[in-house]
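Structure first, commentary second.
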Amino acid sequence: MAGLYIHIPYCRQKCHYCNFYSLASRKYRELLPEALQQEMILQKDYLTGETLHTIYIGGGTPTVYPPQVIAEIILAATKQFKTDARAEINIEANPDDLLPDYLHQLRKTPVNRLSIGIQSFHDDDLHYLNRNHSAANAYQAIRNALAAGFDNLNVDLIYGIPGLTDKKWGENIKTVLDFHIPHISAYALTVEPGTALDKLINKKKLPPVEEQQAADQFVMLMEMMAAAGYEHYEISNFCKPGQYARHNTSYWQGISYLGIGPSAHAFDGRSRQWNVSNLEAWLQGIRSHKPAFEREILSPAQQLNEYVMTSLRTMWGTDLQTIQSRFGAGFRQMVLQQAASFQKQGLVFINEDIITLTQRGKLFADGIAAELFVEDSEKTLPE
Amino acid sequence: MKNIRNFCIIAHIDHGKSTLADRLLDLTHTIGERDKKEQVLDSMDLERERGITIKSHAIQMVYKTDDGVDYLFNLIDTPGHVDFSYEVSRSIAACEGALLIVDATQGIQAQTISNLYLAIDHNLEIIPVLNKMDLEAAMPEDVKDQIVDLIGCDRDDIIETSGKTGFGVERILEAIVERVPAPSGDPKAPLQALIFDSVYNSYRGIIAYFRIFNGTIRKNDFVKFVATGREYNADEIGVLCMGLQPRETMEAGDVGYIISGIKSSKEVKVGDTITHVDNPCGEMISGFENVKPMVFAGIYPVDADDYEELRNSMEKLQLNDASLTFEPESSAALGFGFRCGFLGLLHMEIVQERLDREFDMDVITTVPNVNYKAYTTKGEVIDVHNPSGMPGPNILEHVEEPMIQAHIISKSEYVGAIMNLCIDRRGELQNQVYLTSDRVEVSFMLPLAEIVFDFYDKLKSISRGYASFDYHITGYQPAKLVRLDILLNGEPVDALSTLIHHDNAYTFGRRMCEKLRELIPRQQFDVAIQAAIGAKIIARETVKALRKDVTAKCYGGDISRKRKLLEKQKKGKKRMRQVGNVEVPQSAFLAVLKLDS
Ligand SMILES: Nc1nc2c(ncn2[C@@H]2O[C@H](COP(=O)(O)OP(=O)(O)OP(=O)(O)O)[C@@H](O)[C@H]2O)c(=O)[nH]1
Ligand code: SF4
Ligand SMILES: [Mg+2]
């Protein structure tokens, strides 16, 4: 079982908070699809013949390309990689592109899941974020998608935006619930260093992000989603029972994936690699048949730490038995001992060897994960 | 013996001693092309990084005169920073001459004078050298005036050089032959050798450096260290070149090393005399005084289990650094550690850094203080190295603090600012002399406690780097001291307590709380930081609780970056100490040194 991620590095306009590799220009746009296919050929052995269960076209904004081009890219992928007939094939989209005609054609491609970057149903928030769409676009995009028959839908929302009152946030949540969207990803607005948002806040041109607001709105979110019968299966992900995002979930389950396109990441169980975050350098690499990427081999402790960090965020939790069988009883003991002290503080549950976060623990997942981390002892380090 | 010359290089900090030593080594072909680098004698990583000399370094070279006569030179490069002047004094004891380097752009500075006096006290022949002549800003005539004034030499005796270009360096070599006296002493007399340094080498163990004044030593001789009374077989003796070079015999006038299976650092006392067991010398060489520490601070292992390892490391460090003193102490907040004596704050910083680099010891250093004398009602005098050692008010009669005399040399335009600084620090002007029309020397009486922290940095900044500073202890004076305690969530943290002059306590307490608020990371609850004198709270700050600590996105491209971030965070946390329920980082214990004003 494996996944394939395809990165489309273009956007019509850059959002202030964005730290993805995406360009607001059209440079090389005609060349990219062909180059992506080339890279699939160059990397076709990376997944050692495993069957693809998910294909995720992300970005950037994949919907800058017409559906026919998207279809070609997917077709190329299924040619290079054995693909399960029921594979989840997801595409990210921005509301301004989701016009009825576009959706109608997209429906004819193998794409069977649509993830829409709504972020907010209020114009002032969209303005703060420098999104390229309006609140009206947001509503319309969802209606169009449903009308076109995309019922396997995800909507992205952002909370903690200065100016997003609890009342407005409640309205945003309620709006998606009213549309019966089966899957919602909701993210706390994060000011990444070096982004436009970071600079604008530092220059006092935009109001700063308040931690207390984000904490309160996260709690609100958890309560409203639970009341609506959604599963809170990962820190930022909620779905109607069983309707998990399969591709994203595989990241938290240590499943191998290949990344295609500039800045895309790949993982094979023991090492991670990432393509250059530079379109030209990436293209050059493809042309010369020497893909430009960096690679890092994970030590046992690093593998364990990643497992803890990702699994702890999910409702399935961190399994001490998995730790024992993959990394040994010593590490299991260390993790358990730390976890026990968090249990006393009411931050985690430990139940039949499974560690999960309590409601309060979910607010402090990073600090808890860091404390559960282990270090390589000399004998576990690779030669 | 008549072809041996033993000399050291002394100067104010940064006047170019080590660079000039490079040129001397070049001209005498002492160092192979492969080993060449700038300030090659500054061999410790720390010295190379900071561009300063911390320890004296001895090296031998062979100089061939134009007439084809070979001379054996033993050179000792010394540090210029005030904290390390004891290194200078012990190097001087092994020499007959000194190169006194003066930066031609800066002229005579405070340590030029203090190091010169040390050399004169030991009757060394002084060769004045005017360095950095390649620089535009050089003022050779003015500075020569200053030098002539200071040492009363002939103007023509001053050698102009540039350590950078090599200009004039040949003349130094000639002058050493001509002017520095050959060592005297009798190779046939009973052995009398002065230990002037010792180092610890992880392969060779303890190596003592000596200078022979009388007699001859042979490999495998049975020798005795007079002061400690210990006896050893001289397993290896030799001279100090770029490495150690073994010899079969060495005699009066020679400088070298001995390896003799010395087990513990306590066995080697710098200043001790080596003699033969069978034919001992009559008396010890009058060495130099034991150095007295100026500041004291606690050093504790970050991980309490490392206490024994810390002791071992400190003992080894002491071998390379005879001026470091320590004794066990304990703290309610930090557990077991050591009270250490340092020569100054730079010395303290360097000890902490060397423990980290050379011994991989992660330590917490507590608020430094000077040594107070507490007089009790019973008539006792107690040395107080630690705020918790202060006797209770019921039996305390009064406290005295150490005073220094400070000499500050500066351009006259900065004198006003310097006086203000000294007066702010409870100083009393004693003297003011114009050295030249625009250079002034001021002398102040000051409490030592007022200068150990940031005085030197302040002085440098108000004088734009022009003022130089030297001091010595003069005695003790009664002082109105109070103990300022810091409480975290209501619990006093003994390692953060300070003894401080009453008049400064309020401002100090407030600034301490402000700084700690910056340094203590947010935790899951509010942390109250309070400063108190006795039961009275004089300042308060709060570190607000962390509301949320969770990454929003954790997908394929985020995992690696996030893991590294959290691993780093965990490492940082390991360097924190739990005090009550509060996590306090290493840096907070030294907050007092980082107060901005
Ligand atoms: N232009 C010029 N720069 C020099 C000369 N001699 C030394 N320097 C520079 O002055 C600085 C200090 O030189 P060092 O040789 O380290 O001085 P030092 O006296 O050994 O310093 P400490 O041992 O720390 O007291 C370095 O940056 C040298 O490159 C010189 O003759 N000309
Ligand atoms: S749409 Fe997404 S990728 Fe494009 S700029 Fe906005 S946040 Fe970045
Ligand atoms: Mg030097």
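If you read the protein sequences in the order shown, they are chains A and B.
Counting from 1, position 264 in the first sequence corresponds to residue 269 in the working numbering; the numbering is continuous, with no gaps.
Counting from 1, position 186 in the second sequence corresponds to residue 172 in the working numbering; the numbering is continuous, with no gaps.
Backbone N, C-alpha and C define an ideal beta-carbon position, used for all residues, glycine too.
If you're wondering where the values come from, they're calculated on a predicted model, not measured in any experiment.
What are the partner residues of B/Lys519, as DSSP defines its beta bridges? Sequence check: residue 519 of chain B is Ile here, not Lys. B/Ile519 pairs with B/Leu470 and B/Lys522.
Does any residue of chain A bring its CB to less than 7 Å from the CB of B/Thr98? no
Can you list, in chain order, the residues of the segment 236 to 250 of chain A whose Cβ is nearer than 9 Å to any Cβ on chain B? Under the 9 Å Cβ criterion, the segment 236 to 250 of chain A contributes Glu239, Ile240 and Ser241.
Please list, in chain order, the chain A residues whose beta carbon lies closer than 7 Å to that of B/Thr537. Asp371
Please confirm whether A/Tyr107 has its beta-carbon closer than 7 Å to some beta-carbon of chain B. no
Is there a Cβ from chain A that is less than 7 Å from the Cβ of B/Lys560? no
Can B/Lys3 be considered in contact with ligand 3, in the sense that its beta carbon sits closer than 6 Å to one or more heavy atoms? yes
Buried or exposed: where does A/Gln48 fall if 16 or more other Cβ atoms within 10 Å of its Cβ makes it buried? Result: buried.
Count the other C-beta atoms from every protein chain shown that fall within 10 angstroms of the C-beta of A/Gln130, then say buried if there are 16 or more, exposed otherwise. According to the sequence provided, residue 130 of chain A is Asp. The question's Gln does not apply to it. By the neighbour-count rule (16 or more Cβ atoms within 10 Å), A/Asp130 is buried.
Flag B/Thr151 as yes when its Cβ comes closer than 6 Å to any non-hydrogen atom of ligand 3, and as no otherwise. no
Take B/Val212 and list the residues in its own chain whose beta-carbon comes closer than 7 Å to its own, dropping the five residues that flank it on each side. Asp258, Thr259, Thr261 and Met270
Kindly provide the ranges of any alpha helix (DSSP H) runs that are 4 or more residues long and lie completely inside the segment 12 to 65 of chain A, ordered along the chain. 37 to 47
Have a look at B/Pro114 and B/Thr64 and give me their C-alpha separation to the nearest angstrom. 16 Å
Given that a residue counts as buried once 16 or more other Cβ atoms are within 10 Å of its Cβ, and exposed if not, what is A/Ala141? exposed
Between the CA atoms of B/Glu24 and B/Thr5 - distance to the nearest angstrom: Rounded to the nearest angstrom, the two C-alpha atoms are 7 Å apart.
How far does the alpha helix (DSSP H) with A/Trp257 in it reach, from first residue to last? Arg251 to Trp257
Taking the CB atoms as reference points, tell me whether B/Arg20 and B/Gly149 lie closer together than 7 Å. With contacts defined as CB atoms closer than 7 Å, B/Arg20 and B/Gly149 fail to qualify as a contacting pair.
Sorry if obvious, but does the Cβ on B/Lys446 come closer than 6 Å to a heavy atom of ligand 2? no
Which ranges would you report for the alpha helix (DSSP H) in the segment 279 to 312 of chain A if only whole runs of at least 4 residues count? 284 to 292
Please determine whether the Cβ atom of B/Thr147 lies at a distance below 6 Å from any heavy atom of ligand 3. no
For my contact list, A/Leu284 and A/Pro296 are in at a C-beta cut-off of 8 Å; report their separation, rounded to the angstrom. Not really, about 14 Å apart at Cβ, beyond 8 Å.
Under the three-state reduction of DSSP, which class applies to A/Arg337: helix, strand or coil? helix
With a threshold of 8 Å, are at least 3 pairs of Cβ atoms found where one atom belongs to the segment 94 to 112 of chain B and the other to the segment 332 to 342 of chain B? no
What whole-angstrom Cβ distance do A/Leu57 and A/Leu9 have, given they're in contact under 8 Å? Their Cβ separation, rounded to whole angstroms, is 5 Å, which keeps A/Leu57 and A/Leu9 in contact under 8 Å.
Residues of the segment 286 to 316 of chain B with a CB closer than 9 Å to any CB of chain A: list them in chain order, please. none
Should B/Ala(-3) be counted as a contact of ligand 1 given a C-beta to heavy atom distance under 6 Å? yes
If contact means a Cβ-Cβ distance below 7 Å, which residues of the segment 191 to 222 of chain A contact chain B? Going along the segment 191 to 222 of chain A in chain order, one finds Tyr192, Ala193, Thr195, Glu216, Gln217, Ala219 and Ala220 with a Cβ nearer than 7 Å to chain B.
Where does B/Glu234 sit, in a helix, a strand or coil, going by DSSP? coil
Hey, could you find the ends of the beta strand (DSSP E) B/Pro586 is sitting in? Chain B is shown from -13 up to 583; residue 586 of chain B falls before or after that span and cannot be answered.
Could you tell me whether the segment 237 to 251 of chain B touches the segment 288 to 298 of chain B, using the rule of 3 or more Cβ pairs below 8 Å? no
Counting contacts by CB-CB distance shorter than 7 Å, is A/His270 in contact with chain B? Output row for A/His270: interface = yes.
Tell me the DSSP secondary structure of B/Gln418 in three-state form. strand
Do you know whose CA, among B/Ser42, B/Val68 and B/Glu553, lies nearest A/Leu377's CA? When each option's Cα is compared against that of A/Leu377, the closest is B/Glu553.
I'd like to confirm the pairing. Which residues does DSSP put opposite B/Gln46 in its beta bridges? Residue pairing by DSSP places B/Gln46 opposite B/Asn60 in a beta bridge.
Could you give the C-beta distance for B/Glu237 and B/Lys205, rounded to a whole number, given that I count them as a contact under 8 Å? Not a contact, Cβ separation roughly 13 Å.
Taking 6 Å as the limit, name every residue whose beta carbon sits nearer than that to some heavy atom of ligand 2, in sequence order. Any residue whose Cβ sits closer than 6 Å to a heavy atom of ligand 2 makes the list: A/Cys16, A/Lys19, A/Cys20, A/Cys23, A/Phe25, A/Ser27, A/Gly64, A/Gly65, A/Thr66, A/Asn99 and A/Gly122.
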